[in-house]
């Protein structure tokens, strides 16, 4: 079974100015993060504007990521939906493309009970043997998986990982303690809980800022997991310096895309109703990238 | 321009056991609530499992409600979506069917900024002159309209009403105070904030429990708005007695449907991934309906 | 038994510049609020810096209020403390001075269980027949009375009233619904929940801003309780205009004292560690008092 | 200057059945925790029912702890109060007794502004050179120190440590990151944030459960700070097993005292209004102590 751990960037989906899919840019982005040293790749998740993709686009994205990654690390395909049948449609695309795992959330928007979430995942598991990473993101989906429910779901062999993004340490630490004997718990918000979660037993993180951070993200992970805490702490502080840039960047993931563009990496446009970052927002982003030492090299070159 | 006020039930969408749309049942439900004395009807909102309807079904529902209502009260059609273009597709259906207004939420799931929400509604307004009731439901959509944003949107003539469902009195009272000079603020959760909101200046409420409450809901509204506070308070207490029934009923609106069935009104099945209420849940519902004095008459008849 | 209802100002305790007690000023303030039309007076509560008073001062304050009020309305004496024995010491002072009731909180700072709070009040009741108004102020005391506990305490004949200051409508409305058959529920934060609470069945409010509001506060109460909702709503909006003034005024009740001084009413100095309002804060306060129409008369006179 | 770090138990104050101070028991408890391997001792803090002690008792406690510790580790004396003058009175007792540092909270109950808290500490510093550990406990005191304020206070040389007990990781991690270059940040709630805080840069913790945990607490600290994460994680899980025992034990620190009694360590009675643990609560505590492997030895002995 696939092992999801380490640094897994949640890739944005590059769109051209006419908002059509820019597969070539996605392939470049995929190569860049692999060169940075990541341990897996997630495509068509929230960072990838999963809600804005039709089935053909989703398949094309899955195929591009699988093809470009060429087996070096696992590729995870985002397959969230309200309905089991639609989740399965997307899982079939992931299977067809050769993804190694799929990411699924509890049904968003409908505010299901814990019992109906359990049945939802059981029905998915009955339909497909694809390894599943559950994505718990209560703010976005309007529903939180309880620790008890996750404990139950962890018994399912095809549920291999949990990505927890609730910003709530009590929740995250409990997920880790209760479930890490049976699945891989991956954190998020590495600036906030990165080191804490890895110390507690998270085996990695799925993170949308990693393509912006570049090699700094794998450096952070290696430092945190080899006992070099001072280095890990110092990188964490640098990561949090990006916060004002993202805050000034409009609706996520527009800010990630703008930061990538500024860094010369493939960012591109977001799709409606998400608007591109304003010139003022881009300028703030540029400054925090310098402040965090991420634009340093480039800026130094320009000044030279 | 249409005036949305008073008691507006959010109707469930009856499905048959095979989960196909039961339009005849919807028509009966529509007639029943009009007989109860309501002042408007909302169809294909959250209570109507808006997420589970395709365009043909949505149009059929809109047409059935308009036809059955026959101009006696306004009909509001639920048209929420992430994308402006998809909202407009649905608004066209509402226009075509003859609805009097449409209900739209901020884009769910994508967690937009206040600025992107503003643009979202401005783009919708630019496309259609249909009167809009904005629906603020942060828990479900993952995003809250700020009071400042709503104040700005209230200046748009086609935005005629706000349905506020945040359960937060500070928020609700501020919406009422800031915006009621330009639009109709409608509450929700009448058991919790019904009387308070009407006293503060809400002109009515959009409520999913009203089809279950029957004439009790209009009685509550009349009492609350004619100064008969003791009657209003007493009804409010009865309404809150239903709470354990809904808590035991699984994912909303399964409990509403079960309660309607118990009362001999058209409830029907929910669509996946929402599961029907269990026999145990139905029994709890039956008991709270009796406890609240809503099943009294029927029970008395049976005993006679 | 004393009936606590209507408008009950929580009086500040005027201190001179050397921080000694200014009893003459307290007597004037007491007269002023009675002239404004209040229905009761609370002294030595939180607004009265109860924590900064020794027993002699507390007794002198109780006596001054009782003497000045001369039986026209009830006088409530603040007697909060961590220990039953110390509460009783203070209650004896209130009895001796002729107060009509005492105000007591759950033991602050020690975070007691609901059970230990119950015992605390039972032990107090066993010692003294003085009518008690319980003051629930979780933010300050670090402990919240549950609705169930209050329901139990409401059965005690000597517990005649509840002052609820949690800013939480769910809590306040439940207290009213569950307990108002046995005791008088009084709200707080009239700008936020004034009209709502009175509609729900609160019989009045204990409020620290009333001495600043002057006759406006009784006007609000009369409007709200005689069905003149538009007048009540309009006054509520004016009351909330004071908010930025209090926010700029440092630690409560320094801002109340500054506002009283600006209005020519007896305010005076607060005791350490509470610092007097800065000149900038006083200027903001002056402006909001004008903006709310409370300084209008005076300002007009000056300009004339 | 004294260095506060490592494992610092917050000692309870043993009272006899007549609620008089049991200094001999305190001396025994002090010896026991030193034998367990702690790195400092806090007396007359919240765990020590600081609110229930008069000045003579406080001095006697300070002297007993200093005498018994005999310079092996630092002794910290609890000196919290609302008023600067009263804090200083207590600090004088600590100086006189030979304590190495004092613990002070922001003024409880009065809900001061950040500015008035700053002045409060500045006035204390101006009066005494005793090293201060600030104790941030918002739930109890009703006021939270902001990260910005703590950052400013960290510049004061006599403020040598911060004990943070807010259970909020965002807060705790920010305190550590912003202030650890100038003072020692100590966590609390080791079952919840122990390992996380130490990884992030906390240098230890002040903890009330340590006298119950015995050598397990220093073992946890050594494991966590020498990279033996699996051992640290395992101990953390054992520590959290005590939670139901404390939840069933009434008002803190009654449960600590009951657990100590069960373990044959000096616990004793709490002072009113805190009531002793009920027999049922003690039985639950006994069971969780066995479940956590803390009573293991004793139980084994009994069974033998």
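Chains as they are written, first to last, in the numbering used here: chain A, 1 to 304; chain B, 1001 to 1304; chain C, 2001 to 2304; chain D, 3001 to 3304. Using N, Cα and C, we set each Cβ at its ideal position, and we do this for glycine too.
Legend entry - First through last residue of the alpha helix (DSSP H) which encompasses residue 2285/C: The continuous alpha helix (DSSP H) containing residue 2285/C extends over residues 2279-2291.
Inset, instruction - Compare the C-beta of residue 1170/B with all C-beta atoms of chain C and state if any pair is closer than 9 Å. - result: Cβ-Cβ to chain C under 9 Å: yes for residue 1170/B.
Legend entry - Environment of residue 1085/B [buried if 16+ CB atoms lie within 10 Å]: Residue 1085/B is exposed by the Cβ-count criterion.
Inset, instruction - Report buried or exposed for residue 2293/C, applying the criterion of at least 16 other Cβ atoms within 10 angstroms of its Cβ. - result: The residue is exposed, with fewer than 16 neighbouring Cβ atoms inside 10 Å.
Inset, instruction - Determine the DSSP secondary structure at residue 2215/C, reduced to helix, strand or coil. - result: Three-state result, residue 2215/C: coil.
Legend entry - Of the listed residues 3160/D, 3169/D, 3106/D, nearest to residue 3140/D (C-alpha basis): Scanning 3160/D, 3169/D, 3106/D for the CA closest to the CA of residue 3140/D turns up 3106/D.
Inset, instruction - Taking all protein chains shown into account, decide if residue 2237/C is buried (16 or more other Cβ within 10 angstroms of its Cβ) or exposed. - result: It is exposed - the Cβ of residue 2237/C has fewer than 16 other Cβ atoms within 10 Å.
Inset, instruction - Can you give me, in chain order, the residues of the stretch 3194-3217 of chain D that have a beta carbon less than 7 Å from any beta carbon in chain A? - result: Listed by position, the residues of the stretch 3194-3217 of chain D near chain A (Cβ gap below 7 Å) are 3195, 3196, 3199, 3200, 3201.
Inset, instruction - Please confirm if the stretch 2002-2020 of chain C is in contact with the stretch 107-127 of chain A, defined as three or more CB-CB distances below 8 Å between the two stretches. - result: No: the two stretches stay apart, fewer than three of their Cβ pairs being nearer than 8 Å.
Inset, instruction - Please report the residue range of the beta strand (DSSP E) in which residue 3133/D lies. - result: Element bounds for residue 3133/D: 3132-3136.
Inset, instruction - Helix, strand or coil for residue 3158/D, going by three-state DSSP, please let me know. - result: Residue 3158/D falls in the coil class under three-state DSSP.
Legend entry - chain A within 9 Å of residue 1120/B, Cβ atoms only: For residue 1120/B, the closest Cβ of chain A is nearer than 9 Å.
Legend entry - Min CB distance residue 2250/C to chain D below 9 Å: Residue 2250/C counts as touching chain D.
Legend entry - C-beta contact flag for residue 2172/C and residue 2202/C at 9 Å: Yes, the pair counts as a contact, with Cβ atoms nearer than the cut-off.
Legend entry - Cβ-based neighbour list, residue 3075/D, same chain, cut-off 6 Å, excluding 5 preceding and 5 following: Short of 6 Å from the beta carbon of residue 3075/D, and not among the five residues preceding or following it, lie these beta carbons of its own chain, in chain order: 3041, 3065, 3066, 3069, 3099, 3100.
Inset, instruction - Specify whether the stretch 243-251 of chain A and the stretch 217-225 of chain A touch according to this definition: at least 3 beta carbon pairs, one from each stretch, less than 8 Å apart. - result: The stretch 217-225 of chain A and the stretch 243-251 of chain A do not touch, with fewer than three beta-carbon pairs separated by less than 8 Å.
Inset, instruction - State the Cα-Cα distance for the pair residue 163/A and residue 1025/B, rounded to the nearest angstrom. - result: Looking at the backbone, the Cα of residue 163/A and that of residue 1025/B are separated by about 42 Å.
Inset, instruction - Give the range of the alpha helix (DSSP H) segment to which residue 2088/C is assigned. - result: For residue 2088/C, the enclosing alpha helix (DSSP H) begins and ends at 2084-2097.
Inset, instruction - Assign residue 3150/D to buried or exposed, taking buried as 16 or more other Cβ atoms, counted over all protein chains shown, within 10 Å of its Cβ. - result: Buried, because 16 or more other Cβ atoms sit within 10 Å of the Cβ of residue 3150/D.
Legend entry - Under 7 Å by beta carbon: chain D residues contacting residue 2140/C: Simply 3109, 3111, 3142.
Inset, instruction - Would you please state the rounded distance, in angstroms, between the beta carbons of residue 169/A and residue 3051/D? I believe it to be under 8 Å. - result: Taking C-beta atoms under 8 Å as the contact rule, residue 169/A and residue 3051/D fail to qualify, at a distance of about 30 Å.
Inset, instruction - In angstroms with no decimal places, state the Cα-to-Cα distance between residue 1157/B and residue 1128/B. - result: Straight across, the Cα-Cα distance linking residue 1157/B with residue 1128/B is about 12 Å.
Legend entry - For residue 1184/B and residue 251/A, the rounded distance between their alpha carbons: The straight-line gap from Cα to Cα measures roughly 29 Å.
Legend entry - CB contact below 9 Å: residue 1177/B versus chain C: With 9 Å as the cut-off, residue 1177/B counts as an interface residue toward chain C.
Legend entry - Between the CA atoms of residue 187/A and residue 195/A - distance to the nearest angstrom: Using only the alpha carbons, I get a separation of about 10 Å.
Inset, instruction - Take residue 2096/C as the anchor and find which of 2218/C, 2061/C, 2030/C has the nearest alpha-carbon. - result: Per the Cα distances, 2061/C.
Legend entry - Neighbourhood of residue 31/A by C-beta, 7 Å cutoff - its chain only, sequence neighbours within 5 removed: Closer than 7 Å at the Cβ level, and outside the excluded window around residue 31/A, lie 68.
Legend entry - Below-9 Å beta-carbon distance, residue 3275/D vs any chain C residue: Closer than 9 Å: yes.
Inset, instruction - Would you please verify whether the beta carbon of residue 3233/D is less than 9 Å from any beta carbon of chain A? - result: Output row for residue 3233/D: interface = yes.
Inset, instruction - Residues of the stretch 3069-3102 of chain D with a CB closer than 8 Å to any CB of chain C: list them in chain order, please. - result: For the stretch 3069-3102 of chain D, the residues whose beta carbon sits under 8 Å from a beta carbon of chain C are, in order, 3082, 3083, 3084, 3085.
Legend entry - Limits of the unbroken alpha helix (DSSP H) element including residue 2111/C: Secondary structure note for residue 2111/C: it is in no alpha helix (DSSP H), with a DSSP letter that is neither H nor E.
Legend entry - Rounded C-alpha distance that separates residue 1300/B from residue 2039/C: Unreliable placement is indicated for residue 1300/B, whose pLDDT of 49 sits below 50; no coordinate value is reported for it.
Legend entry - Segment limits, alpha helix (DSSP H) that includes residue 54/A: Annotation for residue 54/A: no alpha helix (DSSP H) segment contains it, and DSSP assigns it neither H nor E.
Inset, instruction - Assuming residue 1002/B and residue 1160/B form a contact by the criterion Cβ under 8 Å, report the distance between their Cβ atoms to the nearest whole angstrom. - result: Between residue 1160/B and residue 1002/B the Cβ distance is about 6 Å, and since that is below 8 Å, they are a contact.
Inset, instruction - Examine chain D for any beta-carbon lying closer than 9 Å to the beta-carbon of residue 2054/C, and answer yes or no. - result: So, not an interface residue.
Inset, instruction - Return helix, strand or coil for residue 3015/D, following the three-state DSSP convention. - result: DSSP places residue 3015/D in strand when its eight states are reduced to three.
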